[in-house]
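Residue numbering for the sequence shown follows this note's numbering, beginning at 11 and increasing consecutively. All residues carry an ideal CB built from backbone N, CA and C; glycine is no exception. Since the model is a prediction, treat every value here as computed from it, not as a measurement. Beneath this line is the structure, given in structure tokens, with notes to follow.
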Amino acid sequence: MNSTIYAARPHNFNNILIAISFIFYLNTTQAQIERNVEIFPFIDTAHSQFKEIFIFWKSYMDELNLENLRNGAQLNKMPEPLKKYWAESETNAYDFPDLAYTYLRSKGGVWYTNDNEYLLGVTNRGNNLFQIKTLFNTTREGPFKGFPSVMLTIYVRKTSNGLQLENAFTHNMSSLIKDTANNITYYYPKDYAFADSISILLNQRIEQFKKGFNIENTKPIIYVLSNRLTAISQLFGIDYNYFDYASIANTIQGGYTLVNNMIFIGGGGENYLHEIIHLLLSDYERGSYSFFEEGIATYFGEHVGRTYDENMFHFKSFLVQNEWIDLSQSFYGYFNDTLNNRSDTLQPNIQADRVPFRDFDSNYNFQYMVHAALCDIAFNYCGYEIVKELYLCKADNEEDFYKCIEEVLEIKRADLNDSIRDFVNRNY
Numbered sequence: 011m012n013s014t015i016y017a018a019r020p021h022n023f024n025n026i027l028i029a030i031s032f033i034f035y036l037n038t039t040q041a042q043i044e045r046n047v048e049i050f051p052f053i054d055t056a057h058s059q060f061k062e063i064f065i066f067w068k069s070y071m072d073e074l075n076l077e078n079l080r081n082g083a084q085l086n087k088m089p090e091p092l093k094k095y096w097a098e099s100e101t102n103a104y105d106f107p108d109l110a111y112t113y114l115r116s117k118g119g120v121w122y123t124n125d126n127e128y129l130l131g132v133t134n135r136g137n138n139l140f141q142i143k144t145l146f147n148t149t150r151e152g153p154f155k156g157f158p159s160v161m162l163t164i165y166v167r168k169t170s171n172g173l174q175l176e177n178a179f180t181h182n183m184s185s186l187i188k189d190t191a192n193n194i195t196y197y198y199p200k201d202y203a204f205a206d207s208i209s210i211l212l213n214q215r216i217e218q219f220k221k222g223f224n225i226e227n228t229k230p231i232i233y234v235l236s237n238r239l240t241a242i243s244q245l246f247g248i249d250y251n252y253f254d255y256a257s258i259a260n261t262i263q264g265g266y267t268l269v270n271n272m273i274f275i276g277g278g279g280e281n282y283l284h285e286i287i288h289l290l291l292s293d294y295e296r297g298s299y300s301f302f303e304e305g306i307a308t309y310f311g312e313h314v315g316r317t318y319d320e321n322m323f324h325f326k327s328f329l330v331q332n333e334w335i336d337l338s339q340s341f342y343g344y345f346n347d348t349l350n351n352r353s354d355t356l357q358p359n360i361q362a363d364r365v366p367f368r369d370f371d372s373n374y375n376f377q378y379m380v381h382a383a384l385c386d387i388a389f390n391y392c393g394y395e396i397v398k399e400l401y402l403c404k405a406d407n408e409e410d411f412y413k414c415i416e417e418v419l420e421i422k423r424a425d426l427n428d429s430i431r432d433f434v435n436r437n438y
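Next up, the structure:
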């Protein structure tokens, strides 16, 4: 199998979040069925129970890997044949019962299923419950190759119907409080100071946004929150993943996934609309260009724990200090030959042809904020109606989006740099 794999950055990683474009060559008739799995030499592999559990786990991962690759590492529904591995209580509770996979889907494509696996151990926890600890190392060529991608804790129970998988989240439920407000089910640690008044405010903000966009979406939302996203990932049996520990700048992080309609908020509290906006907008069909949706979520919601107005202070200052940035040329970044000696201002991205614009003095995402400013311009022009029209313009790339702006906002591309800067300077 030939493949090229790129890892997504964390959802609010202050470097860049783009809609990851995976270059993935897969002929399903040649798909890798047998993964590379190595067993820690210390394990007693001769024990019959170990053999049974190992074969069961490996079979599940082999089948999950094949289905995952067939779907470009972005499974949104679990194929029925895979559900046979899961306890009935898990399949009844979740459309996609593998919650570790669900959590990692909030970060983009899920590639660990095809990584080299190192099974570290299996232990008996009593009551016919067994625990697997396993590590996956990245297989793709490039600077990440060989580094760990994810470490998982897996629960397997022996029943009268054979072995069945159970979620770590199920086993960690005793450490959590479950609370429901309208169609949102919150899960948070027992020592977390949950404020009902703030959750009521979130529901009001949701209803206001739904009314503005004419959204009828009433799907239940699972909202998992804690003071740190690391603690949330551990609730799902993810002891390490390479989206965590990637930046020392952000203490507030979040993510969402349409798989099981879940959001995960670390440090952002019970009133974090940004991720919910993504879920609410999922009923609409837009183009593959995702930055304007991030701008909408940033403008009407928040970003890295701050409101749009709070982030605008830093964004405006950065634009003033960097007059050479031409937003008529790109919202994303510049090509390496654009500047001569600007390495003090910008950091090259070795995985891209262009260097992303980045404000090193703050932790907001420049690309989110410039699209939030465009949302601001549209909203001031004609309210929700024009924002929605621009959102539904079906742009698949930045060039398409420039055309959408010309069509919907009637701002020529050549004038856009001055228009954005003038709007920001006049209003903030």
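Go through its chain and collect everything with a Cβ distance to Asn227's Cβ below 8 Å, but skip five positions before and after it.
Cβ neighbours of Asn227 beyond the five flanking positions: Lys220, Leu289, Leu290, Ser292 and Asp293.
Are the Cβ atoms of Leu245 and Ala178 separated by less than 9 Å?
Yes, Cβ-Cβ distance for Leu245 and Ala178 is below 9 Å.
Report yes if the C-beta distance between Lys143 and Gly265 is below 9 Å; otherwise report no.
Taking 9 Å as the Cβ cut-off, Lys143 and Gly265 do not qualify as a contacting pair.
How big is the Cα-Cα spacing for Ala388 and Thr169?
Cα to Cα, Ala388 sits roughly 58 Å from Thr169.
Suppose you measure from the CA of Leu419 to the CA of Lys404; what does that come to, to the nearest Å?
Roughly 15 Å between the two C-alpha positions.
Starting from Tyr113 and walking both ways along the alpha helix (DSSP H), at which residues does that stretch end?
First-last of the alpha helix (DSSP H) with Tyr113: Leu109 to Arg115.
Could you tell me whether the Cβ atoms of Asn138 and Ile208 are closer together than 9 Å?
Not in contact: Asn138 and Ile208 (Cβ atoms no closer than 9 Å).
Just the C-alpha distance for Pro358 and Ile335, rounded to the nearest angstrom, thanks.
Here Pro358 scores only 40 on pLDDT, less than 50, and its place in the model is too uncertain to base an answer on.
By Cβ distance, which residues of its chain are closer than 6 Å to Thr38, with the 5 residues on each side in sequence left out?
Only weak support is given to the placement of Thr38: the predicted model assigns it a pLDDT of 35, under 50, and the value that follows is read from those uncertain coordinates. Excluding positions up to five away in sequence, the list reads Arg80.
Verify whether the separation of the beta carbon atoms of Asn271 and Lys229 is less than 9 Å.
Cβ atoms of Asn271 and Lys229: closer than 9 Å.
Give me the residue from Leu426, Phe341, Gln174 and Asp371 with the minimum Cα distance to Gly477.
For residue 477 there is no data in the structure shown, the boundaries of the chain being 11 and 438.
Counting Cβ pairs, one atom from each stretch, are 3 or more of them under 8 Å apart for the region 93-105 and the region 146-162?
Counting Cβ pairs under 8 Å, fewer than three are found: no touch.
Fully enclosed by the region 48-115, which alpha helix (DSSP H) runs are 4 residues long or longer?
Counting only runs of 4 or more, we get 58-80, 90-93, 98-103 and 109-115.
Among Arg316, Ser372, Phe301 and Val365, which residue has its Cα nearest to the Cα of Leu384?
Out of Arg316, Ser372, Phe301 and Val365, Phe301 has the C-alpha closest to the C-alpha of Leu384.
Among Phe223, Ile258 and Glu295, which has the Cα closest to the Cα of Val314?
Minimum Cα distance to Val314 is reached at Ile258.
Do Asp386 and Tyr299 have their C-beta atoms within less than 9 Å of each other?
No, these two residues do not count as a Cβ contact at 9 Å.
Can you tell me whether DSSP reads Asp201 as helix, strand or coil?
The answer is coil: DSSP assigns Asp201 none of H, G, I, E or B.
For Glu100, is the classification buried or exposed, using 16 other Cβ atoms within 10 angstroms of its Cβ as the cut-off for buried?
The residue is buried, with at least 16 neighbouring Cβ atoms inside 10 Å.
Nearest to His57 by alpha carbon, out of Asn134, Pro89 and Ile242?
Closest by alpha carbon: Asn134.
When you compare only the Cα positions, how much space is there between Phe154 and Gln218?
About 43 Å.
Start and end of the beta strand (DSSP E) containing Gln174?
Start and end: Gly172 to Glu176.
Can you give me the start and stop residues for the beta strand (DSSP E) that Arg431 sits inside?
From DSSP, Arg431 is part of no beta strand (DSSP E) but of the alpha helix (DSSP H) over Arg423 to Asn437.
Quick test of your reading: Gly297 and Leu235, contact by CB under 8 Å. State the CB separation rounded to the nearest angstrom.
Actually they are not in contact, since the Cβ atoms of Gly297 and Leu235 sit about 31 Å apart, beyond 8 Å.
Here's a check: name, in chain order, each residue in its chain whose Cβ is nearer than 7 Å to the Cβ of Leu349, leaving out the five neighbours to either side.
Confidence in Leu349 is poor, its pLDDT being 49 and thus under 50, which makes the residue's placement too unreliable to answer from.
When DSSP labels each residue in this structure, what does Lys220 get in the three-state scheme?
Correct three-state label for Lys220: helix.
Based on the DSSP output, what are the partners of Asn251 in its beta bridges?
In the DSSP output, where bridge partners are listed per residue, Asn251 has Val160.
Checking the sheet assignment: what are the DSSP bridge partners for Asn126?
Beta-bridge pairing links Asn126 to Asn147.
Can you check DSSP and say which residues form a bridge with Gly264?
DSSP output for Gly264 lists Ile275 as bridge partner(s).
With H, G and I counted as helix, E and B as strand and the rest as coil, what does DSSP make of Ala259?
DSSP places Ala259 in coil when its eight states are reduced to three.
Does DSSP put Leu419 in a helix, a strand or coil?
Correct three-state label for Leu419: coil.
Tell me whether the beta-carbon of Thr267 lies closer than 9 Å to the beta-carbon of Ile231.
Not closer than 9 Å, so no.
Between Leu145, Asp369, Tyr438 and Thr55, which has its C-alpha nearest Met71's C-alpha?
Ranking the options by Cα distance to Met71, first place goes to Leu145.
Does Lys404 come out as helix, strand or coil in the three-state DSSP assignment?
Three-state DSSP puts Lys404 in coil, outside helix and strand.
Could you give the distance in angstroms between the alpha-carbon of Phe52 and the alpha-carbon of Val132?
Looking at the two C-alpha atoms, the distance is approximately 11 Å.
What residue range is occupied by the uninterrupted beta strand (DSSP E) comprising Gly343?
Note, Gly343: beta strand (DSSP E), Gly343 to Phe345.
Where does Val380 sit, in a helix, a strand or coil, going by DSSP?
Val380: helix per DSSP, three-state reduction.
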